[in-house]
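**Q** Its first residue numbered 83, the sequence shown is counted upward by one per residue in our numbering.
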Amino acid sequence: MKLFLAGALFLAAPLSAQSAHVAKGQHVALLVPLSALRFKDSKYHGSVSFRGDSLTVDDSSSRHTRSPLIPVPFSVKDVSTDKSTGRVIVHLGGGGEVSDVLIDVNVLDTARAFHRLFDAGENAQLASDRDLDSAAAWLSGDHSPSGVKHGHALIAVGIARSPWDTLVESWRGTRYLWVMAPEPKYTYNNNQTNEAERNAGTINEVAFPLIKKLGAAVTDSIPGAGFAVVIVVKHKDMAGRYSWLNSTAEDRLTIYVPADLAAKFSRADITAQDVVDGSIVMFKGNRIKVDLTK
C-alpha cells in the first residue's frame, strides 16, 4: 500500500523545526493524526511513549496513524503534571469543530516528545491552502487549478477536512481520500444485536449521508479515485444488575467507496445496498459483506 505522505506507527520527525517548550496560551499544530487517538468523554486522548528514538501513541499497532496532510491548529488550554504518575498532560482546544485533545507524556520525555508532537500553529495556517490544492491535484490527477476534476476534488477535500485529519493514500490502483463519519448517536445493546446488525445499523445512520454529500461534490469527473469512509460502531453490554457500570465499546469499520459509485448514489441511480456491494468494507482487518436488512 503506497502512502501519499510518509506515515507509520512510529512518527520519526516533525514537519518542521519547533521549540520543545509548550506553554498555556500558545498556538500549536498537532502533528499526530486524531485517528491515532482514543475518543472518550467527548475528547481525544493519547498516551505518548518511545521505543528507542521512535515515538508511538498508545502503543497500539491497530490504530490508524498515517501522518495528517494538514496538521490541525489548536491553542494550548493547559499544561499540568500528574505527580502520582509522573506524566505531563497537555490540554489542547480551539480546533474548530474538533473536540478537545488531551495528550500525556512521561515528564522525562517531554523535550523530545513535544518537538515531534507539535509545530507552530501559524505554520499549519500558512500551509493550509497550498496543501489543500496539493491534495485535490493528487486525488483528481488534475494539476490545473482551473480544471473541472481539480475543482470537484477540492470540494471533496474540504468536506473530508472537517472535523478530521486530511489523509490520502493509494490502494489497489485507486486514490483514496480518508473521511471520518460523524460519531453515531445510537449505542447498540450487545444482548439484543449481533456484530453484523450493529455494523449495518451504524452504516445506515452515519455513513450514507456523508457518502451522498461526497458523491454530489465529485459527480463522475474523478475516475480512479474514491473515499475511505471510517465509522465508529458503538455498543455496550446492557444485561445484568450492574450493566450501567459497563463501559461503551467502540469498533471501527472502513468503507472504501469508488467516487463514481458515490456520485450515482447521490443521484439516486443506485441503492444503499448497491453502494456497499460495490465497495470494499474492512472490519478488524478483514473484508466483510454487509447486509443492510439485518
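Idealized CB from N, CA, C, for every residue including glycine.
Treat the numbers as computed from the prediction; the structure is a model and nothing was measured.
Is W220 buried or exposed, if buried means 16 or more other CB atoms sit within 10 Å of its CB?
**A** Buried, since its Cβ has 16 or more Cβ neighbours within 10 Å.
**Q** Just curious, the alpha helix (DSSP H) that T192 is in, first and last residue?
**A** Unbroken alpha helix (DSSP H) run through T192: T192 to L199.
**Q** Where does the unbroken beta strand (DSSP E) through E332 begin, and where does it stop?
**A** First-last of the beta strand (DSSP E) with E332: A331 to P340.
**Q** For L191, which residues of its own chain have a beta-carbon under 8 angstroms away from its beta-carbon, when the five flanking residues on both sides are left out?
**A** For the record, residue 191 in the displayed sequence is Asp; it is not Leu. Correct list, in chain order: V130, S131 and F132.
**Q** In three-state terms, what does DSSP make of S361?
**A** Coil at S361, not helix or strand.
**Q** In whole angstroms, give me the CA-to-CA distance for A282 and V372.
**A** One C-alpha to the other measures close to 6 angstroms.
**Q** Short of 6 angstroms in beta carbon distance, which residues of its chain neighbour T336, apart from the five on each side in sequence? Order them along the chain.
**A** Excluding sequence neighbours, T336 sits near A310, V312 and M364.
**Q** Whose C-beta lies closer than 7 angstroms to the C-beta of S303 among residues of the same chain, with five residues either side of it excluded?
**A** Same-chain partners within the cutoff: V230, K231 and H234.
**Q** According to DSSP, is G367 part of a helix, a strand, or is it coil?
**A** The answer is coil: DSSP assigns G367 none of H, G, I, E or B.
**Q** Candidates A345, R120 and E287: which alpha carbon is nearest V139's?
**A** Checking every option, the nearest Cα to that of V139 belongs to R120.
**Q** Are the stretch 195–202 and the stretch 263–271 touching, with three or more C-beta to C-beta distances below 8 angstroms?
**A** In short, these stretches do not touch, since the Cβ pair count stays below three.
**Q** Let me confirm a value: T375 is counted as buried when at least 16 other C-beta atoms fall within 10 Å, else exposed. Which label applies?
**A** With fewer than 16 other Cβ atoms within 10 Å, it is exposed.
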